[in-house]
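Inspection log for the structure reproduced underneath, given as structure tokens.
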Amino acid sequence: RRRAAHPSDSARPLLVRATDGDRVARFVVNATGTWGAPFIPSYPGLATFRGRQLHTSGYRAAADLRGLRVLVVGGGTSAIGFLLELEGVAARTMWSTRRPVDFLEAGELDVEAAVRAVDLQDRAARAGEALPSIVSGTGVPRTRRIVAGIRRGVLDSRGPVARFEEDAVVWADGERDQVDAVIWATGFRPEIRHLAPLGLREKEGGVRVESGVSARDPRVFLAGYGPQASTIGANRAGRRVARQVVAALG
């Protein structure tokens, strides 16, 4: 298991510190994905909240939250799935999104929308900015299940949260609701903490990557970063990075 990567003084190879010992490498291919870095946003009062909190990565079954008042935070398909699954199981569900959800009519989520969403991620990666979510560029299609949930009032966002209290949430409009548990369906960030000693991050919060290579350190390849994060994209990126490394090794 990797722990960190450091510049070395010997002809500038990279020193990779792992739990089973150190290694020196001319190149490092980072393919750690995002699952190990769940993102939970900061809110006033969150540290005082005494209820249960779990992220998408820690969710197991609706039965674990039976009879609880559950707040789901996030505007993507994971949040919607949790709300629909918890209906009739939780005592009550509440939904918080930062902005109104862009529900699309059937057929509107097309290849062009997906390409635009990937392009937004690609531009962010090239600029070293924090990566936007895919759903922010594609919207959410109105499937039959989602339309039914909207009609039943299950998929009705209360808008943004202003702050948390010990046993409650206060909404941006000043209203207050008691909450027993929070599900953070707020996505993930690239798992690159072990690369911190290399100073790859830009002030904008991301790593500037072009064609899978770090702009700050061409010894570091990032497979599955940004627009490559989907399963298909990551597979393609992995093959491309492998060819690049072989070529660089001569």
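For the sequence shown, our numbering begins at 524 and goes up steadily by one.
Here a beta-carbon is modelled for each residue, glycine too, at the ideal position from N, C-alpha and C.
As the structure is a computational prediction, the values presented were derived from the model and not from experiment.
>> Our contact map puts residue 711 next to residue 618 with C-beta atoms below 8 angstroms; I'd like the distance itself, whole angstroms only.
In response: Actually they are not in contact, since the Cβ atoms of residue 711 and residue 618 sit about 20 angstroms apart, beyond 8 angstroms.
> Grouping DSSP H, G and I as helix and E and B as strand, with all else coil, what is residue 608?
Replying inline: In this structure, DSSP gives residue 608 a helical state, which the three-state scheme calls helix.
>> Am I right that residue 615 and residue 592 are in contact with their C-beta atoms under 8 angstroms? What's the rounded C-beta distance?
In response: Residue 615 to residue 592, Cβ: 5 angstroms. Contact.
> If residue 708 and residue 565 are in contact, beta carbons under 8 angstroms, what's the gap, nearest whole angstrom?
Replying inline: Actually they do not touch by this definition, with Cβ atoms about 16 angstroms apart.
> In this structure, does DSSP put residue 772 in helix, strand or coil?
Replying inline: Looking at residue 772 - three-state DSSP - the assignment turns out to be helix.
>> Once DSSP output is grouped into helix, strand and coil, what is the label at residue 570?
In response: Residue 570: helix per DSSP, three-state reduction.
> residue 553 bridges to which residues according to DSSP?
Replying inline: 745, per the DSSP bridge assignment.
>> Quick check: what's the CA-CA separation for residue 596 versus residue 621?
In response: Each residue's alpha carbon lies about 9 angstroms from the other.
>> Between which two residues does the alpha helix (DSSP H) holding residue 540 run?
In response: Careful: residue 540 lies outside any alpha helix (DSSP H), inside the beta strand (DSSP E) at 537-541.
>> Measuring alpha carbon to alpha carbon, tell me which residue in 608, 729, 768, 717 is nearest residue 742.
In response: Nearest option by C-alpha distance: 768.
>> Using only the alpha-carbon positions, how far apart do residue 698 and residue 569 sit?
In response: One alpha carbon belongs to residue 698, the other to residue 569, and they sit about 17 angstroms apart.
> Nearest to residue 663 by CA position, among 715, 681, 599, is which residue?
Replying inline: Checked all of 715, 681, 599; the closest Cα to residue 663 is 599.
>> Rounded to the nearest angstrom, what separates residue 726 and residue 685 at their Cα positions?
In response: Computed Cα separation, rounded: 27 angstroms.
> Between which two residues does the alpha helix (DSSP H) harbouring residue 674 extend?
Replying inline: DSSP places residue 674 in the uninterrupted alpha helix (DSSP H) bounded by 667-675.
> Based on Cα-Cα distance, which residue from 766, 613, 580, 669 lies nearest to residue 587?
Replying inline: Nearest C-alpha to residue 587: 613.
> Would a C-beta distance cut-off of 7 angstroms place residue 775 and residue 594 closer than the cut-off?
Replying inline: Residue numbering for the chain in the displayed model covers 524 to 773; residue 775 lies beyond these limits and cannot be assessed.
> Is DSSP giving residue 534 helix, strand or coil here?
Replying inline: Residue placement at residue 534 is flagged as unreliable, the pLDDT there being 48, under the threshold of 50; the coordinate-derived value follows with that caveat. If DSSP states are grouped into helix, strand and coil, residue 534 belongs with coil.
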